[in-house]
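Participant: For the sequence shown, our numbering gives the first residue as 37, with consecutive numbering after it.
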Amino acid sequence: MPVYMCRWVNGDVSFVSAPSKEGAVALLDEVANAEGCPLFVVKDFMVHLRLKDEGKLELEEIGEETYHQIMEKAYPVLGSLPLGLEGTPDDAVKAAVETERNRVQLRPAPEPATEVGRQLKKELDIPTVEIDRIVGVAAKEVLKKHKPKGKPN
37 MPVYMCRWVN
47 GDVSFVSAPS
57 KEGAVALLDE
67 VANAEGCPLF
77 VVKDFMVHLR
87 LKDEGKLELE
97 EIGEETYHQI
107 MEKAYPVLGS
117 LPLGLEGTPD
127 DAVKAAVETE
137 RNRVQLRPAP
147 EPATEVGRQL
157 KKELDIPTVE
167 IDRIVGVAAK
177 EVLKKHKPKG
187 KPN
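(1) Which one of R143, I170, M82 has the shortest CA to CA distance from L156?
(2) Tell me, please, whether the stretch 145 to 163 touches the stretch 64 to 73 by the rule of three or more beta-carbon pairs shorter than 8 Å.
(3) Following the continuous beta strand (DSSP E) through H84, name the residue where it begins and the one where it ends.
(4) Can you say whether L87 is buried or exposed, counting buried as having 16 or more other CB atoms within 10 angstroms of its CB?
(5) Can you tell me which of the three DSSP states I162 falls into?
(6) Taking the continuous alpha helix (DSSP H) assigned at M107, which residues delimit it?
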């Protein structure tokens, strides 16, 4: 199953393993609605988490290939600094970070397939793929309970 990287408009990144981009958007809804955010498949994903004495996990290391993919796809301005982050003047790093935080804009999200879905979309910040799934499940339940009058044609 592929690992997807979501580049949020505020500059953050999230990673999720999902069978498809739609599945990734659905899982990322735990963080926020990822519709319209760039999603990239990450190959050779590796992170190392350290268990702290307090029982919490701390990011210890990001794999070298993973790091290169993050910089190339999510932070190209920051990744293009001449010396990398170490040895680069603080002002250049700060300017690159500011540019990265403002660089990505949301793409328009697809509209839900039904009028009920479009109304839900206005009221709730839920990805369209989830709205369409929920409306579909509800419609199937209604149809199961529906008893038509008369003989079928």
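Just so it is clear, CB atoms sit at the ideal spot from N, CA and C, and this is done for glycine as well.
Facilitator: A quick look at the data gives this:
(1) I170
(2) yes
(3) 83 to 87
(4) exposed
(5) coil
(6) 100 to 109
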